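Student: The structure is given below, and queries will be raised subsequently.
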Amino acid sequence: MKLLAGNSNRTLATAIAEYLDVPLTKAQVRRFADNEVFVTIDENVRGEDVFVIQSTSYPANDNLMELLICIDALKRASGRRITAVVPYFGYARQDRKTGGRTPISAKLVANLITRAGADRVLTMDLHAGQIQGFFDIPTDNLLPVPLLAADINSKYGKSDDLMIVSPDVGGVVRARALAKRIDDADLAIVDKRRSAPGESEVMNIIGDVSGRRCILFDDIVDSAGTLCNAAKALVDHGATEVSAYVTHGVLSGAAADRVANSVLKELVVTDSIESSDVVKTCKKIRRVSCAPLIGEAIRRIANEESVSKLFD
Numbered sequence: 000m001k002l003l004a005g006n007s008n009r010t011l012a013t014a015i016a017e018y019l020d021v022p023l024t025k026a027q028v029r030r031f032a033d034n035e036v037f038v039t040i041d042e043n044v045r046g047e048d049v050f051v052i053q054s055t056s057y058p059a060n061d062n063l064m065e066l067l068i069c070i071d072a073l074k075r076a077s078g079r080r081i082t083a084v085v086p087y088f089g090y091a092r093q094d095r096k097t098g099g100r101t102p103i104s105a106k107l108v109a110n111l112i113t114r115a116g117a118d119r120v121l122t123m124d125l126h127a128g129q130i131q132g133f134f135d136i137p138t139d140n141l142l143p144v145p146l147l148a149a150d151i152n153s154k155y156g157k158s159d160d161l162m163i164v165s166p167d168v169g170g171v172v173r174a175r176a177l178a179k180r181i182d183d184a185d186l187a188i189v190d191k192r193r194s195a196p197g198e199s200e201v202m203n204i205i206g207d208v209s210g211r212r213c214i215l216f217d218d219i220v221d222s223a224g225t226l227c228n229a230a231k232a233l234v235d236h237g238a239t240e241v242s243a244y245v246t247h248g249v250l251s252g253a254a255a256d257r258v259a260n261s262v263l264k265e266l267v268v269t270d271s272i273e274s275s276d277v278v279k280t281c282k283k284i285r286r287v288s289c290a291p292l293i294g295e296a297i298r299r300i301a302n303e304e305s306v307s308k309l310f311d
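Sequential numbering of the sequence shown, starting at 0, is according to numbering that gives the first Met the number 0.
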């Protein structure tokens, strides 16, 4: 087994390597003066099972090109099987046509990864589960629910006043899966209406949150506007405190400031995306590592074992 890391999240790649007790493959992933990506693999990978670890987070296009070129380099170096390990799959929110003459960019990215030479894809908490079907190669979509549920159970223990909240109707299945892992906690839903692109207006809470400690659960937090508005709506409806657990902390622009100035008690994200310095210094934002989850999935794939049993 060989592990190759791109530049998008070296910290996570190192943690995965430590979990597996496998050193990162020596390679150079650098840029020329005109910002073109160039990759050199400094070890023999002929006949090896190679895992390329690269999130396609900001800057999404640069990190995507790094991933594609790394895959191409490994293919031309006769790697036996190449698995693209993409903890955060960029462009996942563009999974359907939202109007006339618009692209389905998630499908295009899936085609690019396949065409570059990947034999398998390993990712985590896709924005839409059906994106797995965009690939014509085996694709494993890891669920962060056991990881986050363990953190919640460790922090809150058995608590009758705990309630899991989906920030929108589309996330109900995800929230229900988490609730089942937390002593089958009650579930609530935030029903929102968007007044304009990039803005959201909370309209109603489905479920009685009065006197409850609420945990919002979502797959992506970007500008944090929706999340902070949802937290405020829950407090306005009587919640005693509100925390949030989100798989992918994109946290672009002024998101960290928004979280810091919100009613949220805490925002917990995984390390699928390398956090900026601003995010790291925000006292309300905490990270839990997904390295053991991804590392164990890699080990199982390499040993031809079941990945789905991780979630039984």
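Every residue gets a Cβ at the ideal spot worked out from N, C-alpha and C, and that includes glycine.
Every value quoted in this text rests on a predicted model; they were computed, and no experiment measured them.
Which residues in the same chain as Val208 place their Cβ atom closer than 8 Å to its Cβ, once the five residues preceding and following it in sequence are excluded?
Tutor: Within the same chain, Val208 has close Cβ partners Met162, Val164, Ala187, Leu233, His236, Gly237 and Ala238.
Student: With Arg175 as the anchor, note down where its alpha helix (DSSP H) starts and where it stops.
Tutor: Arg175 -> alpha helix (DSSP H) spans Val171 to Arg180.
Student: Let me confirm a value: Asn203 is counted as buried when at least 16 other C-beta atoms fall within 10 Å, else exposed. Which label applies?
Tutor: Asn203 should be labelled exposed.
Student: Mind checking Thr24: buried by the 16 CB within 10 Å criterion, or exposed?
Tutor: Burial call: buried.
Student: With burial defined as no fewer than 16 other Cβ atoms inside 10 Å of the residue's Cβ, what is the status of Ser307: buried or exposed?
Tutor: Exposed, since its Cβ has fewer than 16 Cβ neighbours within 10 Å.
Student: In the structure shown, what three-state DSSP assignment does Cys213 receive?
Tutor: Of the three classes helix, strand and coil, the one that applies to Cys213 here is strand, per DSSP.
Student: For a test of the three-state rule: what should DSSP assign to Met123, helix, strand or coil?
Tutor: Three-state result, Met123: strand.
Student: Could you spell out the range, first to last residue, of the beta strand (DSSP E) harbouring Tyr244?
Tutor: Start and end: Glu240 to Gly248.
Student: Can you check the segment 86-149 for any beta strand (DSSP E) of at least 3 residues that lies completely inside it and give the ranges in chain order?
Tutor: If we require 3 residues or more, the beta strand (DSSP E) runs fully inside the segment 86-149 come out as 119-123 and 138-141.
Student: Three or more beta-carbon pairs under 8 Å between the segment 177-191 and the segment 89-101, yes or no?
Tutor: Counting Cβ pairs under 8 Å, fewer than three are found: no touch.
Student: How big is the Cα-Cα spacing for Gly116 and Leu3?
Tutor: Spanning the two alpha carbons is a distance of roughly 15 Å.
Student: For Thr39, does the three-state DSSP call read helix, strand or coil?
Tutor: In this structure, Thr39 counts as strand in the three-state DSSP scheme.
Student: Quickly, what does DSSP pair Gln27 with across the bridge? List them, please.
Tutor: According to DSSP, which records beta bridges pairwise, Gln27 is partnered with Thr39.
Student: Considering only DSSP beta bridges, list what Glu265 is partnered with.
Tutor: Answer is Ser242, bridged to Glu265.
Student: State the beta-bridge partners of Phe310 as determined by DSSP.
Tutor: Answer is none; Phe310 lacks a bridge partner.
Student: From the DSSP output, which residues share a beta bridge with Thr82?
Tutor: The partner list for Thr82 (beta bridge, DSSP) reads Phe50 and Arg119.
Student: Of all the options Ile112, Glu42 and Val44, which has the alpha carbon lying nearest to the alpha carbon of Glu65?
Tutor: The candidate whose alpha carbon is nearest that of Glu65 is Ile112.
Student: Among Leu215, Ala149, Gly170 and Arg257, whose alpha-carbon lies nearest the alpha-carbon of Ser288?
Tutor: The shortest Cα separation from Ser288 among Leu215, Ala149, Gly170 and Arg257 belongs to Ala149.
Student: Run through the DSSP bridge pairs and tell me what Ala254 is partnered with.
Tutor: In the DSSP output, where bridge partners are listed per residue, Ala254 has none listed.
Student: Of the residues Ala26, Tyr244, Asn34 and Leu263, which one's Cα is nearest the Cα of Pro145?
Tutor: The residue with the shortest Cα to Cα distance from Pro145 is Tyr244.
Student: Report yes if the CB atom of Met0 is closer than 7 Å to the CB atom of Asp48, and no otherwise.
Tutor: Yes; because the gap between Cβ atoms is below 7 Å, this pair is in contact.
Student: Is the segment 220-227 in contact with the segment 249-266, if contact means three or more CB pairs nearer than 8 Å?
Tutor: Result yes; three or more Cβ-Cβ pairs closer than 8 Å.
Student: Would you decide whether Gln53 is buried or exposed? Buried here means 16 or more other CB atoms lie within 10 Å of its CB.
Tutor: The residue is buried, with at least 16 neighbouring Cβ atoms inside 10 Å.
Student: Drop a sphere of 10 angstroms on the beta-carbon of Ala32, count the other beta-carbons inside from all chains shown, and report buried for 16 or more, exposed for fewer.
Tutor: Ala32 is exposed by the Cβ-count criterion.
Student: What residues in its chain sit with their C-beta under 6 Å from that of Ala83, if we drop five residues either side in the sequence?
Tutor: Within the same chain, Ala83 has close Cβ partners Val51, Ile112, Ala117 and Val120.
Student: Determine the DSSP secondary structure at Arg45, reduced to helix, strand or coil.
Tutor: Reduced to three states, the DSSP call for Arg45 is coil.
Student: Rounding to the nearest angstrom, what Cα-Cα distance links Asp139 and Phe216 in this structure?
Tutor: Looking at the two C-alpha atoms, the distance is approximately 21 Å.
Student: Let me make sure I understand the geometry here. Which of Arg45, Tyr57 and Val36 has the alpha-carbon closest to that of Ser7?
Tutor: Checked all of Arg45, Tyr57 and Val36; the closest Cα to Ser7 is Tyr57.
Student: Taking the continuous alpha helix (DSSP H) assigned at Val234, which residues delimit it?
Tutor: Per DSSP, Val234 belongs to the alpha helix (DSSP H) from Gly224 to Asp235.
Student: Strictly by DSSP, which residues pair up with Lys1?
Tutor: Val49.
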